[in-house]
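**Q**
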Amino acid sequence: MRGTGVGSFPGDSQRDYEEALAVVLGELAPDEHGLAFVPEVPGRGAGAAMTGRTLGMVTELDADLQPDGWRLTGTSGAPALDQRRARSLLGQDLDTLEDRAAGHAGPFKVQVTGPWTLAASVERPRGDKLLADHGARRELAQALAVAVADHLADLRRRLPAATELILQLDEPALPTVLAGGVPTASGFGKHRTIHPPEASEALGWVLDAASAAGATPWVHCCAPDVPIGLLRGAGARGVMVDLDLLDADGHDAAGEALEAGDTVGLGVVPTTGPLPGDRVLVERVLRWLDMLGLDPERVGGSLVISPSCGLAGTTPAGARHALELARAVARSVSP
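In this text, residue positions in the sequence shown follow my numbering: the first is 216, and each later residue adds one.
1. Would the region 321-336 and the region 378-393 be scored as touching if the rule is three or more Cβ pairs under 8 angstroms?
2. Going by DSSP, what residue range makes up the beta strand (DSSP E) through Arg286?
3. By the DSSP assignment, the alpha helix (DSSP H) with Leu240 in it spans what residues?
4. How big is the Cα-Cα spacing for Gly260 and Arg299?
5. In terms of residues, what are the limits of the beta strand (DSSP E) holding Leu380?
6. Quick one: complete alpha helix (DSSP H) runs, 4+ long, within the region 379-462?
7. Quick one, are the C-beta atoms of Ala469 and Leu461 less than 9 angstroms apart?
8. Just to confirm the assignment, what range does the alpha helix (DSSP H) spanning Ala332 have?
9. Considering only the alpha carbon of each residue, which of Thr274, Gly444, Asp279, Ser228 lies closest to Val256?
10. Just how far apart, CA to CA, sit Val454 and Met265?
11. Can you tell me whether Val495 is buried or exposed? The criterion is at least 16 other CB atoms within 10 Å of its CB, across all chains shown.
12. Compare the beta carbon distance of Ala370 and Leu304 with 9 angstroms and say whether it is the shorter of the two.
13. State the Cα-Cα distance for the pair Met272 and His366, rounded to the nearest angstrom.
14. Rounded to whole angstroms, how far is the Cβ of Val238 from the Cβ of Ala534, which I believe are closer than 8 angstroms?
15. In angstroms with no decimal places, state the Cα-to-Cα distance between Gln357 and Ala368.
16. Which of helix, strand or coil does DSSP assign to Val497?
17. Work out the CA separation of Cys437 and Gly482 for me, nearest whole Å.
18. For Val327, which beta-bridge partners are listed by DSSP?
19. With Asp314 as the anchor, note down where its alpha helix (DSSP H) starts and where it stops.
20. Distance, Cα to Cα, Ser521 vs Ala251?
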């Protein structure tokens with residue numbers, strides 16, 4: 216069993232990114248109970264937040280930053296200034312990673328925003344979200360698949376000793392997309408429901424690209440009504456969820472995933488308020504497994520312990536403590 220983080224850290228400078236990376240490597244890299252990852256520090260600006268960071272990777276589509284958020288420009292050629300900045304910042308972060316972790320000889324995780332959260336966040340050239348346009352949704356997902364393959368190849372070059380690369384696709388908006396709950400630009404209506412076959416197809420393009428690049432594809436969704444079955448059907452070999460937000464169907468679906476040998480990332484470390492002791496969290500994980508009738512010795516190797524969501528809203532000390540707790544719980548529950 217391993218402990219890990221979702222991705223984001225507090226801070227607003229490059230120094231904060233360097234300190235976040237030092238915490239990740241210090242807390243999660245030393246032994247088999249930690250899963251290190253590429254940290255994100257969204258407080259540095261729109262280009263470092265989840266949407267801008269991923270758009271910086273996508274070289275097949277050009278985007279710029281508007282007052283209401285990111286928008287595709289509808290042009291090809293030189294990307295806009297904000298997208299170039301996002302791309303440059305990501306490259307700088309990966310240079311730092313390579314310098315600090317090139318000899319890392321364990322698994323390593325990287326996070327990328329998924330196609331449906333992007334479609335619900337990014338605007339078309341003429342306004343409103345990409346979610347409103349079937350062709351734009353398709354183009355975005357396919358461009359993201361290419362970007363993910365390139366990104367993983369770059370990471371493999373930078374981390375040649377890593378035993379496994381894990382691609383975590385962040386999809387916090389997916390349940391809202393499936394439920395037809397994303398507001399239109401006017402605010403007076405909602406975008407139409409995206410049906411499961413289309414949602415699965417777009418996810419599959421990106422997850423398959425990760426698998427073809429030699430990485431293990433996971434999906435993270437810290438929202439209610441996570442469609443765990445749909446994600447696994449689309450190719451996810453791991454799902455990361457917030458335990459507090461799972462309903463009865465979600466608990467059963469997570470248990471089925473563990474029994475099938477897929478990974479479940481269980482978000483049990485709080486990201487707000489005082490942090491409990493590791494004993495409290497260990498007991499909670501064991502009670503959850505007992506509720507599902509699962510033997511920790513049999514499924515423990517497929518269970519990952521994490522904070523319930525990102526850590527950008529906490530303090531640096533709080534973020535470090537959260538990762539310490541995740542690893543401590545994983546070590547204690549491990550058979």
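For each residue, glycine too, the CB sits at the ideal point set by N, CA and C.
**A** Well, looking at it:
1. As far as the Cβ criterion goes, the region 321-336 touches the region 378-393, which means the pair count is three or higher.
2. To locate residue 286, count along the sequence shown from 1; it is residue 71. Judged by DSSP secondary structure, Arg286 falls within the beta strand (DSSP E) whose first and last residues are 284-287.
3. For the purposes of this step, residue 240 is taken as the residue at position 25 of the sequence shown. 229-243 is the span of the alpha helix (DSSP H), which, as asked, contains Leu240.
4. In the sequence shown, counting from the first residue as 1, residue 260 sits at position 45. In the sequence shown, counting from the first residue as 1, residue 299 sits at position 84. Taking the straight line joining both Cα atoms gives about 13 angstroms.
5. Indexing the sequence shown from 1 puts residue 380 at position 165. Element bounds for Leu380: 379-385.
6. 389-393, 411-427, 443-449, all fully within the region 379-462.
7. The residue labelled residue 469 in the question sits at position 254 within the sequence shown. The residue labelled residue 461 in the question sits at position 246 within the sequence shown. When the beta-carbon positions are compared, Ala469 and Leu461 come within less than 9 angstroms of each other.
8. Start at 1 with the first residue of the sequence shown, and residue 332 comes out as number 117. Per the sequence shown, residue 332 should be read as Thr rather than Ala. Element bounds for Thr332: 330-334.
9. Working through the sequence shown from its first residue, we reach residue 256 at position 41. Ranking the options by Cα distance to Val256, first place goes to Ser228.
10. Residue mapping note: residue 454 aligns to position 239 of the sequence shown, counting from 1. Residue mapping note: residue 265 aligns to position 50 of the sequence shown, counting from 1. C-alpha separation (whole angstroms): 18 angstroms.
11. Locating residue 495 in the sequence shown gives position 280, counting from the first residue. Classified as exposed, Val495 has fewer than 16 neighbouring CB atoms from the shown chains inside 10 Å of its CB.
12. Reading the sequence shown from its first residue, position 155 is the one you call residue 370. Reading the sequence shown from its first residue, position 89 is the one you call residue 304. One detail in the question is off: residue 370 reads as Leu in this sequence, not Ala. With a cutoff of 9 angstroms on beta-carbon distance, Leu370 and Leu304 are scored as not near each other.
13. As a position in the sequence shown, residue 272 is number 57, starting the count at 1. As a position in the sequence shown, residue 366 is number 151, starting the count at 1. Between Met272 and His366, the alpha-carbon positions lie close to 7 angstroms from each other.
14. As a first step, residue 238 is located in the sequence shown; it is residue number 23 there, counting from the start. As a first step, residue 534 is located in the sequence shown; it is residue number 319 there, counting from the start. Their Cβ separation, rounded to whole angstroms, is 7 angstroms, which keeps Val238 and Ala534 in contact under 8 angstroms.
15. In the sequence shown, the residue the question calls residue 357 occupies position 142. In the sequence shown, the residue the question calls residue 368 occupies position 153. If you take the alpha carbons of Gln357 and Ala368, they lie about 17 angstroms apart.
16. Here residue 497 is taken as the residue at index 282 of the sequence shown, counted from 1. Reduced to three states, the DSSP call for Val497 is helix.
17. Mapped onto the sequence shown, residue 482 falls at position 267. Mapped onto the sequence shown, residue 437 falls at position 222. Gly482 and Cys437: Cα-Cα distance of roughly 8 angstroms.
18. Counted from its first residue, the sequence shown places residue 327 at position 112. Beta-bridge pairing links Val327 to Leu384.
19. As a working note, residue 314 is residue 99 in the sequence shown. For Asp314, the enclosing alpha helix (DSSP H) covers residues 296-316.
20. Numbered from its first residue, the sequence shown carries residue 521 at position 306. Numbered from its first residue, the sequence shown carries residue 251 at position 36. Rounded to whole angstroms, the gap between the alpha carbons of Ser521 and Ala251 is 12 angstroms.
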